[in-house]
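To start, the structure under review is shown below, and the notes come after it.
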Amino acid sequence: MKTAHCVPVLMYHHVSPSAGSITTSPQNFESQISGLARAGYHALSTQEFAGFLAGKPVPEKSILITFDDGYLDNWVHAHPVLQRHGMRAVLFLITGQIGEGQARACAGQGDTLPVTPDHLQCKALVASGLTDPVMLRWSEVLAMRAAGTFEFHSHTHTHTRWDLASATRDEALTHLTQELALSRATLQQKLGEVSDHFCWPQGYFDAGFVRLAQQAGFKYLYTTVAHGQNLAGGDPAHIFRFAVRNRGSFWIRQRTWLASHPVIGPLYNRWKSWKRTLRPQS
Ligand SMILES: [Zn+2]
């Protein structure tokens, strides 16, 4: 078996007909997942990915597909596509925003689908306390876990940027500690398990935050830093991910190939990081 030199980690938020900057349309998602499946890509579980980082070989064309937050559209539009193509993904849940009640309809069942608002509307509704119309319910989470399309991990309990929302550094660290414990307890209670994989809200972390996450029991920390490669022996506390665009099969195959190429990948990442330094600082 040819084995992977690097495992690209893909980052999604919404799969929905309601367009937005971090939304993939259901048509493009179908095209991306079927294109990756046809090209022979194998979507790893977090356990396989953790094994790879520790030096255990995985097939050459391995990827990890991740979703952040836990929007209703992940169940309505992403889950049926993953199921159809036998692909799997990882979802980092904001555990305090997941609701109760029966599972709603998802695509392919022949029922009228729930409306899945765009990202800005989702944010506004969540800010006003109306999470249920746009976020997942635990019943939907359990149905996806049973189907094998998604596995679930922590993205904190409230998605608060405590570095910005606290008056002092001590306060920020105390809040984060409580939040991590609450998120772990919620996953344990609702799903009967909690893992050591964790994703930072809005991608923010610093050395103190990393230490707290590790003390709370999280070893694998997912960033929004795109321009680096996840290699065997790589740092589990700094996992690179790139944001998937609302494009089709050709784009995702090209981007994934680029992310994992042993020579061109690092050159591309250096070039993108250099371009970043040219941007005016606001
Ligand atoms: Zn998030």
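Residue 71 in the numbering used here sits at position 42 of the sequence shown, with consecutive numbering throughout.
Every residue, glycine too, gets a C-beta built ideally from N, C-alpha and C.
Alpha-carbon spacing of residue i relative to residue j, whole angstroms
| i | j | result |
| --- | --- | --- |
| Thr178 | Gly115 | 8 Å |
| Leu202 | His186 | 15 Å |
| His226 | Gly80 | 13 Å |
| Gln218 | His184 | 16 Å |
| Thr95 | Ser74 | 10 Å |
| Gln283 | Ala196 | 45 Å |
| Ser63 | Thr285 | 14 Å |
| Asp140 | Glu169 | 16 Å |
| Asn103 | Ala194 | 28 Å |
| Ala156 | Val163 | 12 Å |
| Gly84 | Leu142 | 43 Å |
| Val223 | Ala176 | 18 Å |
| Glu59 | His43 | 13 Å |
| Gln126 | Leu307 | 38 Å |
| Met30 | Glu89 | 8 Å |
| Ser50 | Leu149 | 9 Å |
| Arg198 | Leu209 | 17 Å |
| Gly69 | Gly257 | 23 Å |
| Arg299 | Ala245 | 33 Å |
| Arg133 | His106 | 12 Å |
| Thr252 | Pro295 | 18 Å |
| Gln231 | Trp191 | 11 Å |
| Ser311 | Val254 | Note that Ser311 scores 48 on pLDDT, short of 50, meaning its location in the model is unreliable; the coordinates nonetheless yield the value given after this. About 19 Å. |
| Pro86 | Phe279 | 27 Å |
| Gly262 | Gln76 | 15 Å |
| Leu260 | Leu287 | 14 Å |
| Gln207 | Cys228 | 16 Å |
| Arg276 | Pro46 | 13 Å |
Beta carbon of residue i nearer than 8 Å to that of residue j
| i | j | result |
| --- | --- | --- |
| Phe234 | Leu250 | yes |
| Phe247 | Leu205 | no |
| Trp167 | Glu129 | yes |
| Val273 | Thr53 | yes |
| Asp147 | Ala48 | yes |
| Thr215 | Thr124 | yes |
| Leu220 | Phe181 | yes |
| Cys35 | Ser302 | no |
| Ala118 | Ala66 | no |
| Pro265 | Leu82 | yes |
| Leu101 | Leu154 | no |
| Gln61 | Ile281 | yes |
| Val38 | Leu120 | no |
Counterpart residues of residue i in DSSP-defined beta bridges
| i | result |
| --- | --- |
| Thr95 | Met40 and Val119 |
| Tyr249 | His226 |
| Leu142 | Leu142 pairs with nothing; no bridge assigned. |
| Ser183 | Leu122 and Phe227 |
| Arg166 | Gly128 |
| Pro88 | Thr32 |
| Thr53 | Val44 |
| Tyr100 | Met164 |
| Ala272 | Met40 |
| Ala72 | Ile92 |
| Leu260 | Cys35 |
Buried versus exposed, by CB contacts within 10 Å (16 or more), residue i
| i | result |
| --- | --- |
| Met173 | buried |
| Thr32 | exposed |
| Lys304 | exposed |
| Gly99 | buried |
| Ala136 | buried |
| Ala242 | buried |
| Arg240 | exposed |
| Leu159 | exposed |
Inset, instruction - Mind listing which residues have their beta carbon within less than 6 Å of any non-hydrogen atom of ligand 3? Chain order is fine. - result: This structure lacks ligand 3; the ligands present are ligand 1.
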